[in-house]
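Undergrad:
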Amino acid sequence: MQSNQSRFRVEALLNAAEGGSLPHLRRLAREWPTDISSGQRALIILLNIFKVQAGHLARMQAGIFDPEMHKTKELVLAAFLGSDGIFDFLQNTLSVTTNEEPQFAPLISIFQPHLPHFLAWLRFFVTNPQLGFPANPANGSQAATRLAILIRCGVHRTEDPEILASIVDFSLFIWMAMRKMQLERKFTHDEYTRYFSTRYSPLGLCFAQVTTRKTLFEKVNAATTKSLEGLCEHFVQGLSESLAPKDAPDLDITAFRSYVADATFLSTENSRFLQVVVKSGFPALALKLALEARRAQSNRLNIADIAHILFSPHILLVKGSHPLMVQIIDAGLLEIVIDDLISPPKEGGKIFDGWKFQKELNPLKALLFASYDRRIAKALNAAIESVPARILRIIASNTTTHEIWVAFIRDFEPYQSALKHIPVRTIPLCNSLKHCNDSMTESDQGRDAPKKCAKCQAAIYCSTKCQQEDWESLHRHDCTQSRVARIGQQLNGSWISHRTSMFNILHLEYVINSQLGPGAYGDDLVKRRVWAVDRTVHPMSVHSDTVENAAPYKRSGFELLTDARSQAMLRQVAEDESTILAVCISGLGRCGVATFAIFCAKKSSMSVGIDRPKLNFQLQSGFCKVLDVSDIGIAI
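Take the sequence shown: its letters are residues 1 to 636, numbered as in the UniProt record's numbering.
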């Protein structure tokens, strides 16, 4: 109704609508009262219809359509049409106001208790458009727009669980219901933006608001794996459709970024959903599509922003996040990091300022710290080897970027060496501390086949004799004897395979030989000592102490030499002055690894100085144990 309408005409309209007149209910769409009191009365009239008629909804859902149900349907449809008036009013007010609370509070307080009934009817007609709603893509998008308007006006500001659940349930429904329509025919990018991107608005707003976000997380936590897979499937499908065609000059990337940010956010709160997301390939797809869009000269897509979301401290703190890292490295993460490295920082800024890591950590350091995971190191090594020569020349042309890159490569070299030597090591490192050295050189004909512990699947021995000895002395105490417990450890990242243990031990062997081998220390400063390598800093640090002082050894707040196996190794080094014990601590995010190895120091024929002969450190034995990084104080 126009601003000059008479009070009498408004009163007559509302009286007729309150009496159930269908034409007058429909007229509210065009003649919504402009004064507050009349607008409140009109809203109460409409919402009461949804509430009073809610008792018939179950019968209609069951397909019962007698004359009484037909009358109910027409009344509810008229109320829906009339509600266009309130939504137009709210939308117009949203577009011109900066403080919506005084404007919307009275109307929203009326809407809140009726919202579950309103959304239940709205869902019914979206699901059954043949009963009155237009059977076209705009059907669902209009319903989503209505809920989005209500959320922006503050309908979520309540602690009522029924209201919050109705908001979250409808938001999930209206977005996921579009999949059936998408399977029926192809839509252009413009149609996708107009019809389907808007369907995500309510769910996106649920992520942004504290009350609905909490309800959403509770719902996801209670969901079955099959339901989580269905939700993830919609995120995956949304990625591809929201960013096509990638070379469009007016490409709208709002929906694409929302899918990436919200799926990642949900993964930080639910490790089961993270597992589903990683299994689906969502992280790799997101990064690949973003890179393709950038290469297609779409300047509106901030590729670094997508990488910042996928590779952030929040996601790294979730159990099982390492497979995600492998995916995004394979998909081109290093390319984005290098692009950031060689791009001039903003005025007054620093290199890597846009990344969300805390303190002195940056993406290159984070990749280094996570490389104790053999799969991550393998993916990163492949990415490094594929860096074009042109890019390397650009890096070398700037002193600062060159220093950063060279330091990164230098600290990664031990992992490269370990990757290179794992495939050629046909005989596994025996887990027995009393393993006979010459058994490593026995002929193939006389040696037992390698023996793996059937319970923990992590300890491997060169012979039955070594396996029996280690079981009786040590392994029976540190073995994960329950298959269920082992599977649980694998899922949460607290289990490490023998192959990955071997990788970390070979890495430590390279570090010890490169740091101590060239004669940097005399014999008295090498033998019968414990050498500690800290890979949670960059450049890595190496320091040592005597065997006696190392007994209560702590690093980053974690006691490293308290278990029976490391204590036995410590005694072995104390009794044999030709040996050293090396301990390496690595970690990023939630997980870390402590690597222990005994080396025998032998003089080389090559001399570095008069009193400093070159030493070779031969690996004798070693093992790894997984640490919870939250216990050792590693800050991200």
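Think of the CB as a built atom: it goes at the ideal place given N, C-alpha and C, for glycine as much as any other residue.
Under three-state DSSP, which class holds residue 645?
TA: This structure leaves residue 645 out entirely; the chain is present only between 1 and 636.
Undergrad: What does the Cβ neighbour count give for Gln467, buried or exposed, with the cut at 16 atoms within 10 Å?
TA: With 16 or more other Cβ atoms within 10 Å, it is buried.
Undergrad: Can you find the residues in the same chain that come closer than 8 Å, C-beta to C-beta, to Ile610, ignoring five residues on each side of it along the sequence?
TA: With a pLDDT of 46 at Ile610, under the threshold of 50, the predicted position of this residue should be treated as unreliable, though the coordinate-derived value follows. Counting only Cβ-Cβ distances below 8 Å, and skipping sequence neighbours, we find nothing.
Undergrad: Let me confirm a value: Leu392 is counted as buried when at least 16 other C-beta atoms fall within 10 Å, else exposed. Which label applies?
TA: Leu392 comes out exposed.
Undergrad: Is the distance from the Cβ of Asn381 to the Cβ of Leu419 below 9 Å?
TA: Yes. Within cutoff.
Undergrad: Under 9 Å between the Cβ atoms of Phe111 and Leu25?
TA: Cβ distance not < 9 Å, so Phe111 and Leu25 don't count as in contact.
Undergrad: Roughly how many whole angstroms lie between the Cα atoms of Ser201 and Ser171?
TA: Whole-angstrom Cα-Cα distance: 8 Å.
Undergrad: Tell me the rounded alpha-carbon separation between Leu266 and Trp121.
TA: So the alpha carbons of these two residues sit roughly 29 Å apart.
Undergrad: Helix, strand or coil: which one does DSSP assign to Lys319?
TA: DSSP places Lys319 in coil when its eight states are reduced to three.
Undergrad: CA-CA distance, Pro344 and Lys359?
TA: Between Pro344 and Lys359, the C-alpha separation is close to 21 Å.
Undergrad: Would you kindly work out how many angstroms separate the C-alpha atoms of Asn136 and Thr193, rounded to a whole number?
TA: Using only the alpha carbons, I get a separation of about 15 Å.
Undergrad: Please classify Leu6 as buried or exposed, where buried requires at least 16 neighbouring CB atoms within 10 angstroms.
TA: With the sequence shown as reference, residue 6 is identified as Ser, and Leu is not the correct amino acid for it. Exposed: under 16 other Cβ atoms inside 10 Å.
Undergrad: Quick check: what's the CA-CA separation for Gly132 versus Glu269?
TA: Between Gly132 and Glu269, the C-alpha separation is close to 40 Å.
Undergrad: To which residues does DSSP link Arg529 through a beta bridge?
TA: Looking at the DSSP assignment, Arg529 forms a beta bridge with Thr546.
Undergrad: For Leu324 and Phe357, what's the separation of their Cα atoms in angstroms?
TA: The alpha-carbon atoms of Leu324 and Phe357 are separated by roughly 17 Å.
Undergrad: Can you have a look at residue 665 and say buried or exposed, based on whether 16 or more other CB atoms are within 10 angstroms of its CB?
TA: Since the first and last residues shown for the chain are 1 and 636, residue 665 lies out of range.
Undergrad: Flag this pair as yes or no: are the beta carbons of Leu361 and Ala568 separated by less than 9 Å?
TA: Result no, Cβ atoms of Leu361 and Ala568 do not sit closer than 9 Å.
Undergrad: Would you mind reading off the limits of the alpha helix (DSSP H) that contains Ser140?
TA: Just to set this straight, residue 140 is Gly in the shown sequence, not Ser. Element bounds for Gly140: 138-152.
Undergrad: Might you give, ordered along the chain, the residues of its own chain that have their beta carbon closer than 8 Å to the beta carbon of Thr211, omitting 5 neighbours on each side?
TA: So the list reads His156, Arg157, Thr158, Glu159, Leu164, once near-sequence residues are dropped.
Undergrad: Could you tell me the distance, in whole angstroms, from the CA atom of Phe273 to the CA atom of Ser397?
TA: Going by the C-alpha atoms only, they are around 44 Å apart.
Undergrad: When DSSP builds the beta bridges, which residues end up paired with Ala208?
TA: Looking at the DSSP assignment, Ala208 forms no beta bridge with any residue, so it has no partner.
Undergrad: Look at the alpha carbon of Arg185 and the alpha carbon of Ile108, and state the distance between them as a whole number of angstroms.
TA: Whole-angstrom Cα-Cα distance: 38 Å.
Undergrad: In angstroms with no decimal places, state the Cα-to-Cα distance between Phe65 and Thr264.
TA: Approximately 45 Å, taken between the alpha carbons.
Undergrad: For Asn616, list the residues DSSP reports as bridge partners.
TA: Note: Asn616 sits in a beta bridge opposite Lys602.
Undergrad: With a Cβ-Cβ cutoff of 9 Å, do Val126 and Ala177 count as a contact?
TA: Cβ atoms of Val126 and Ala177: closer than 9 Å.
Undergrad: To which residues of the same chain is Val435 closer than 7 Å at the C-beta, ignoring the five residues directly before and after it?
TA: Note that residue 435 is His in the sequence shown, not Val. So the qualifying residues of the chain are Cys462, Cys466, Ser621.
Undergrad: Could you give the residue range of the alpha helix (DSSP H) that holds Ala418?
TA: It spans 399-421 - the alpha helix (DSSP H) in which Ala418 sits, taken as one unbroken run.
Undergrad: Can you give me the start and stop residues for the alpha helix (DSSP H) that Ala79 sits inside?
TA: Start and end: 67-82.
Undergrad: Taking DSSP as the reference, what is the three-state secondary structure of Phe623?
TA: Phe623 falls in the strand class under three-state DSSP.
Undergrad: Can you list, in chain order, the residues of its chain whose CB lies under 8 Å from that of Ile376, leaving out five sequence neighbours each side?
TA: The residues are His322, Met325, Val326, Ile329, Leu367, Ala370.
Undergrad: For the stretch 163-236, which segments carrying the beta strand (DSSP E) assignment without a break, of at least 3 residues, lie completely within its bounds, in sequence order?
TA: Segments of the beta strand (DSSP E) lying fully in the stretch 163-236: there are none.
Undergrad: Are Glu233 and Arg146 touching if we call contact CB-CB under 9 Å?
TA: Result no, Cβ atoms of Glu233 and Arg146 do not sit closer than 9 Å.
Undergrad: Leaving aside the five residues before and after Leu43 along the sequence, list all residues of the same chain whose C-beta is less than 8 Å from its C-beta, in chain order.
TA: The answer, listed in chain order, is Ile86, Leu107, Ile110, Phe111.
Undergrad: Could you tell me the distance, in whole angstroms, from the CA atom of Asp438 to the CA atom of Asn431?
TA: Because Asp438 carries a pLDDT of 46, less than 50, the predicted location of this residue cannot be relied on, and no value is offered for it.
Undergrad: Where DSSP assigns a beta bridge to Ala582, which residues make up the other side?
TA: Beta-bridge pairing links Ala582 to Trp531, Ala597.
Undergrad: Quick one: what's Asp628 bridged to in DSSP?
TA: Its beta-bridge partners are Cys591.
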